[in-house]
Amino acid sequence: MTPSQEQRRWMYRTMLLSRRFEEAIAAAYFEGKQPAFNMANGPIPGEMHLSNGQEPCAVGVCAHLDEGDFVTATHRPHHIAIAKGVDLKAMAAEIFGKQTGLSGGRGGHMHLFDAKVNFSCAGIIAEGMGPAVGAAAAFRQRGEKRVAVSFIGEGAANQGAFHEALNLAAVWQAPVVFVIEDNAWGISVAKKDSTSVTDNALRAAAYGMPGHRVTGNDPLKIFDVAGAAITRARAGQGPTLIEIETYRLEGHFIGDAEGYRAEGEVVGLKAKDPIAVLRQLLLQEGTIDVAADVRIQAEAQSAVAEAIAAARAAPFPAAQAAFEQVFA
Amino acid sequence: MNAPLNRTKRNLTIAKAMAEAIAEEMRRDPSVLVLGEDIGKLGGVFGNTRGLYEEFGAARVKDTPISETAFIGAAVGMACVGMKPVVELMFVDFFGVCMDAIYNLAAKNCYFSGGQSPVPMVLMTSVGGGYGDAGQHSQCLYGTFAHLPGLKVVVPSNAYDAKGLMLSAIRDPNPVVYMFHKALQGMGWLGTVKGAINDVPEDEYLVPIGKAAIARSGKDVTLVGLGATVHHALDAAAELAKDGVEAEVIDLRSLVPLDRETVLASVRKTGRLVVADDDYQSFGVSGEIIALASEAAFPQLKAAPRRVAFPDIPIPFSPALERPLLPDAAKIAAAARATLGKA
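Respectively, the protein sequence lines represent chains A and B. Oh and the first sequence: position 319 is 319 in full-length UniProt numbering, straight run, nothing missing. Oh and the second sequence: position 124 is 124 in full-length UniProt numbering, straight run, nothing missing.
So this is what it looks like as structure tokens:
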């Protein structure tokens, strides 16, 4: 499956938007945290997990999804949220803990929920897989053509929930696609030191479903493999497991000293930044010209600036709001 | 503290005190080993295993996959065959994926085996919020663990106790849940309550499990805390002293077994009780301590006991929502004044 020119432009735009958004979030995150880095301080407290470098996974998969399709993401959710169409302003406001945020500041960066586009994420490894199987099973039972996609990291493939969800999805022939973003590191532990197989896609065979590994952090290859899996799910042919080789260009969270990485690893990864690679390709093949690129970059920049400015300007929730919405 | 008079003071963080205790016990006892996520080469996300991998190597300091059900279950098995695993659950909030191994195996094997298969393991886990990490990374869950028979539960409030409790926990023939509070840990990136850093002897010493400490003596009102709230209670006591109120502060240190005698002796003396707990309010530590006072010190109570705890809502992310709800010295002092009719 090959993306159309319009889809290629969307993928590029969306990857840029995600990158610019995270750059702005990172800058804001450091406010109040220098020189002494205390996670509690600044306009964005708490842990902050950036997805810089992993944008191809989000766009290659979400290019095939509509608002009605159900997506669960991880503690590293921004790129997927943006590709799924989560409202950027409401997302930014949530990350700043503001009243205008997706959840009025209750959830923050690791708990982004946008029911309008069927997106959610959570802070516990593999936690979204069961819900994705359930949503998919419900779609199938109701005769709807919607699918579910659960994104996880490669570290989550060693959780019990991963193995149970795969089996259940296959037993129910649920229209769900499991996408592993393999960035090679579970915090400080290398995949090779934690995982019994080099390729998690091999594990699909144990649960009676197809498994594919996509190498090179390449959005076009991801588009191809994910497209086939999602088409298959929509056609009622059951679940698929995909593992994508990707990279995180930052630490596990902001503030991670990354002493576990080999020297030069990050420099090497930055040299093959997937956004630069895609830009080069689109320019070469004439999908965009330099003027279009300048425009796309400027649009991403201004959309982010607008969202961040609105988030900063928004009021904090009233303290009493903490007691609201504990129950429906 | 029974430190020799001539020794130099050595102020340590809780993180360093925990690592030192584990290292000492690993040197002494070859059956002790450590396992968990990022506890090896990284030295623990919260610093409490730093240096162990370098000294003892990968066989005794095992970085695990993110597989809590498997590695906590494995720790139970290791304990059953004579090892003494110290296993880390990185955040207590993660207990949801592995509680079966904790409360159905570690907690019950000794009993169900009629004492044949005790489970000498330590489950160390970080607790507490206040730094904007939201409710899957900020809970205390003291009451959740203390509720389950078969688990001992300790909560150090300072480095001295952290070392002595860790040594006791490793040597205890039972599973001990060792809950360390992130605000006290001494990791710069989480901020640190200064009172948690104190003098730690290099020599081996034990802080007994099941023995509370009187952190400050007083006669007018008893303030009971654990972990971080001990420090808030001490600050509240200092504030109350300005008004001539002498508050006694009790650091529970252990939840299971609970040192009921120390709490009751204080309440019988003061007749007034405030419990401070940053775990959820209902069905937890604060209710248990107040029930204890009601059952066993009712005649001496001069006022209804009060509690300062986190309300019964998931811990929200936004600092505008979370921070006003956390127990602090002002809330504890206000509750104490209320018991004195000075509200």
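Quick reminder that beta carbons are idealized off the backbone N, C-alpha and C, glycines included.
(request) Just the chain A side, please: which residues come within less than 9 Å of G96/B by C-beta, in chain order? (result) I124 and E127
(message) Give me the subset of the stretch 98 to 115 of chain A whose CB atoms are less than 9 Å from a CB atom of chain B, sorted by chain position.
(response) K98, Q99, G101, S103, G104, G105, R106, G107, G108, H109, M110 and H111
(message) Classify I298/B: buried if its beta carbon has 16 or more other beta carbons within 10 angstroms, exposed otherwise.
(response) In the sequence under discussion, the amino acid at residue 298/B is Phe, which differs from the Ile named in the question. Exposed, because fewer than 16 other Cβ atoms sit within 10 Å of the Cβ of F298/B.
(request) With a 10 Å radius around its C-beta and 16 neighbouring C-beta atoms as the bar for buried, classify P324/B as buried or exposed. (result) exposed
(request) Mind checking which residues open and close the beta strand (DSSP E) that includes M90/B? (result) K84 to F91
(message) Three or more C-beta pairs under 8 Å: does that hold for the stretch 155 to 169 of chain A against the stretch 57 to 70 of chain B?
(response) yes
(request) Taking 7 Å as the cut-off, decide whether the C-beta atoms of E248/B and T222/B are in contact. (result) yes
(request) Kindly indicate the opening and closing residues of the beta strand (DSSP E) around K152/B. (result) K152 to V154
(message) On the CB-based measure, 16 or more other CB atoms within 10 Å of its CB, does R28/B come out buried or exposed?
(response) exposed
(request) Tell me, please, whether the CB atom of D38/B is closer than 7 Å to any CB atom in chain A? (result) yes
(message) Need the endpoints of the alpha helix (DSSP H) that H78/A sits in, please.
(response) H78 to K84
(request) Tell me whether K182/B is buried or exposed, calling it buried when 16 or more other Cβ atoms sit within 10 Å of its Cβ. (result) buried
(request) Have a look at V81/B and R253/B and give me their C-alpha separation to the nearest angstrom. (result) 30 Å
(message) Whether or not the stretch 102 to 109 of chain A and the stretch 42 to 59 of chain A are in contact is what I'm after, with contact meaning three or more pairs of Cβ atoms, one per stretch, closer than 8 Å; do they touch?
(response) yes
(request) Just list the alpha helix (DSSP H) runs in the stretch 138 to 188 of chain B, keeping only unbroken ones of 4 residues or longer that don't cross its boundaries, in chain order. (result) 142 to 146 and 159 to 171
(message) Between I289/B and chain A, is the shortest Cβ-Cβ distance under 7 Å, so that the two count as touching?
(response) no
(message) Within a Cβ cutoff of 8 Å, which residues of the same chain sit near N41/A, ignoring the five residues on either side of it in sequence?
(response) G32 and K33
(message) Pull the bridge partners of K62/B from the DSSP assignment, please.
(response) L35/B
(request) Using only alpha-carbon positions, find the residue among S217/B, Q139/B and Q116/B that is nearest to P311/B. (result) Q139/B
(message) Let's test the definition: count the other Cβ atoms within 10 Å of the Cβ of M1/B and tell me whether it reaches 16, buried, or not, exposed.
(response) Unreliable placement is indicated for M1/B, whose pLDDT of 47 sits below 50; no coordinate value is reported for it.
(message) Do P319/B and G97/A have their beta-carbon atoms positioned less than 7 Å apart in this structure?
(response) yes
(request) May I ask you to list, following chain order, the residues of the stretch 125 to 156 of chain A that have a beta carbon less than 7 Å from some beta carbon of chain B? (result) I125, G155 and A156
(message) Quick check: what's the CA-CA separation for M78/B versus E164/A?
(response) 25 Å
(message) Determine whether the beta carbon atoms of Y103/B and L148/B lie at a separation below 7 Å.
(response) yes
(request) State the CB to CB distance for the pair E154/A and H78/A, rounded to an integer number of angstroms; the pair is presumed to be in contact (CB under 8 Å). (result) About 19 Å separates the two Cβ atoms, so there is no contact after all.
(request) Could you pull out every residue in the same chain whose Cβ sits closer than 7 Å to the Cβ of I244/A, ignoring the five residues on either side in sequence? (result) C57, V179, I180, E181, D182, V214 and I222
(request) Answer yes if the stretch 183 to 194 of chain B comes into contact with the stretch 12 to 28 of chain B, meaning at least three C-beta pairs across the two stretches below 8 Å, and no otherwise. (result) yes
(message) Tell me which residue opens and which closes the beta strand (DSSP E) that I250/B is part of.
(response) A247 to D251
(message) 7 Å is my cut-off, CB to CB: does P319/B come that close to chain A?
(response) yes
(request) Assign A115/A to buried or exposed, taking buried as 16 or more other Cβ atoms, counted over all protein chains shown, within 10 Å of its Cβ. (result) exposed
(message) For A190/A, would you say it is in contact with chain B, using Cβ-to-Cβ distances shorter than 7 Å as the test?
(response) no
(request) Kindly indicate if chain B contains any beta-carbon less than 7 Å away from that of E250/A. (result) no
(message) Counting only beta-carbon separations shorter than 7 Å, does H137/B have a partner in chain A?
(response) yes
(request) Could you check if T163/B is buried or exposed, using at least 16 other CB atoms within 10 Å of its CB as the buried criterion? (result) A small correction: the amino acid at residue 163/B is Lys; Thr does not occupy that position in the sequence shown. Buried is the call here.
(request) For the stretch 218 to 283 of chain B, list the beta strand (DSSP E) runs that are entirely contained and at least 3 residues long, ordered along the chain. (result) 221 to 225, 247 to 251, 254 to 256 and 273 to 280
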